[in-house]
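Chains as they are written, first to last, in full-length UniProt numbering: chain H, 1 to 131; chain R, 1 to 131; chain Z, 1 to 131; chain D, 1 to 131; chain V, 1 to 131; chain S, 1 to 131.
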């Protein structure tokens, strides 16, 4: 499968190898998952994606676990199977319990349902909601 | 606009009026937003949606603000304009600061981008991510 | 609004005018809605769309009202506001009652919810469902 | 695969086992498909989903086969592979012939095409379509 | 897999066989891919799809490779795994280099990200952009 | 409308003002469109988005007009009304003729249709398409 091959470490360009080294250091594991191995064909995109991901997912006004669950929610709505798998695993690694996963999924399902109802009914935005 | 009219209080069936009374009591405001006024044409769906929403959005393993931000994230991914407006307003009412909103949006945007990259690359799920 | 203008009857190419005449005859009304007026900039696409639409929406194994409700359901899932409006109007013209609309919307909402749950859970297809 | 395991009958909570018993009785088969086995990790969501599904899919102003085809159409638009498989199987079990499936798919494809054209053209909603 | 079987050459109706012959002639290969073999259950839809595809993808104001990359971009946004695979292969056959594929994917990812940001921010359309 | 206000020049942070100056210089116009004015509430996201957009949309293996049409195609598939308006305007500014726009839209519509058919049929990926 895949529209590009997954690059092994020995096939990486120096720029891509540098990003892989940073991923390994940041995550404290030797394992680099398939997404990065596919992206490595384009070292500039790999670099830009990794650099931005680090910033976006870092602790801030929201904690990293909340951010990871937001990532799973969006990936679910976008029907990205790989992304649901990888970010669910990441969320579990950051402390998402079975209860938290179940509640997150219930919200995602509820939102999908009311999104569809609102669209089917073509409800106008209340003035009260306009910034 | 709308594929159905928005029902005024005096046009509600007794079953719908009962749900509206519960919404007003739960939210401690007389204001009932357009979604419910459109849904009120089908009192059974109105009842089922309200009953389930209360349960799903209640405090649990996740706090209500996190749930509201998950709702906004899914609504954004599903391109539901009304839902983005109404749940962003709800999240602000529950304490979402400008910084939290900005970080949430940054995660939503990042997820949308990597979802698209993964789909375009057709990356295979790593064995490590399979439950 | 619009990324192209809406063509008035006097601005139509002969090929587009011919399609408009067919739309008016088939629908037994002088009114031609905005979709066709936007599409008329590309007479070949206008012709292909109209010709195919007539065939697809004609009575067959499914009756036209069922087909129109399927159209609304897909348009809702695809977040196409114009399409929800126009095909809901068409479904009503073909006999969709308020009860039928409400039941259709309830199915659309239910499907959106379980679609999201299945994607979030990444449920594997049962062997029993494979053709 | 899956972000949760599929629960076997012997792993069910009493609440989940009760829902499974109802599914078996309603469908008159011992077979319970994977969706329910994944959902069973959250007995409250399992219960809510099953209870609501029974009501929404019951005969009413629309017959169950029409509802099932609407379900397939939405699942297709939402790119839910599992859902397309399971609800196509359900529709066939309720009497969907090959001709009906072909006509349904033709409508789904036509709707997807014109949804995209309308969005690309950003056609404004006709006043005639506003409720 | 599949909600219908893939038809072998010997199972085709005369109308479907005729379309297959045209596909083979146009593509100068004996290989007919699975999409057409699934679609062949509905010869009228097969004919309509093939006839229109030939016209839409033919050289015109845009060259066929650009059209093929647009096809991949839309298929990616619509999460159609099969379509991403088949149209990426077609684009490569028409001359898409690794660099072109990488740049196309970078645009698709960027667009997905800003689409989400715009929707989350609910930005109003500038008057300057209205046709 | 909007879930945040649109910032006027005098309300910008120094970091945001710097990005606005770069946008004005790059585009050789004083006009800065609403997307950037909404994004300016988060100067870091504004900076990251602008910096990356410049790189992604620059001439390379694909010319800027092709990239802009890919952007419109994805925005259409993602139902982002603002994005369709703004990137269609940008494509026209870069030389997209009416014929090119019509052909692009025809491809987008065709892709949406066959994406839906493939998903409804659940066609398996041909071995020939696997990289």
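Note that CB positions come from ideal geometry on N, CA and C, so glycine has one too. All values derive from a computational prediction rather than experimental measurement.
Proximity winner among the options, relative to residue i (alpha-carbon distances)
| i | options | result |
| --- | --- | --- |
| residue 83 of chain S | V:5, V:129, V:90, V:3 | V:129 |
| residue 33 of chain R | R:103, R:102, R:85, R:100 | R:85 |
| residue 50 of chain S | S:22, S:30, S:63, S:71 | S:22 |
| residue 120 of chain Z | H:45, H:110, H:120, H:115 | H:110 |
| residue 124 of chain D | Z:29, Z:81, Z:63, Z:28 | Z:81 |
| residue 122 of chain S | D:100, D:79, D:106, D:63 | D:79 |
| residue 46 of chain H | H:26, H:28, H:13, H:25 | H:13 |
| residue 27 of chain H | H:114, H:17, H:54 | H:54 |
| residue 115 of chain R | H:10, H:115, H:95, H:87 | H:87 |
Residue-chain proximity (residue i, chain S), Cβ-Cβ < 8 Å
| i | result |
| --- | --- |
| residue 78 of chain Z | yes |
| residue 52 of chain H | yes |
| residue 106 of chain V | yes |
| residue 100 of chain D | no |
| residue 116 of chain D | yes |
Rounded distance between the beta-carbons of residue j and residue i, thought under 8 Å
| i | j | result |
| --- | --- | --- |
| residue 61 of chain H | residue 97 of chain R | 6 Å |
| residue 52 of chain D | residue 48 of chain R | 6 Å |
| residue 107 of chain R | residue 67 of chain H | 5 Å |
Sub-8 Å separation of residue i and residue j beta-carbons
| i | j | result |
| --- | --- | --- |
| residue 41 of chain S | residue 65 of chain S | no |
| residue 20 of chain V | residue 118 of chain S | no |
| residue 74 of chain R | residue 38 of chain R | no |
| residue 132 of chain R | residue 102 of chain R | Because chain R spans 1 through 131 in this model, residue 132 of chain R falls outside it and cannot be assessed. |
| residue 139 of chain D | residue 93 of chain D | The question about residue 139 of chain D has no answer, for chain D in this structure spans 1 to 131. |
| residue 100 of chain D | residue 70 of chain Z | no |
Test: residue i CB closer than 8 Å to a CB of chain R
| i | result |
| --- | --- |
| residue 88 of chain Z | yes |
| residue 75 of chain H | yes |
| residue 128 of chain H | yes |
| residue 121 of chain V | yes |
Proximity test, Cβ basis, 8 Å: residue i and chain D
| i | result |
| --- | --- |
| residue 19 of chain Z | no |
| residue 84 of chain H | yes |
8 Å Cβ cutoff, residue i in contact with chain V
| i | result |
| --- | --- |
| residue 94 of chain S | no |
CB contact check: residue i to chain H, cutoff 8 Å
| i | result |
| --- | --- |
| residue 112 of chain R | yes |
C-beta neighbour in chain Z for residue i, strict 8 Å
| i | result |
| --- | --- |
| residue 70 of chain H | no |
Cβ-based contacts, 8 Å cut-off: residues of the segment 34-61 of chain Z near chain V | 44, 48, 52, 55
Residues in the segment 3-31 of chain V with C-beta within 7 Å of chain D's C-beta atoms, listed in sequence order?
-> Taking 7 Å as the cut-off between beta carbons, the residues of the segment 3-31 of chain V near chain D are 3, in sequence order.
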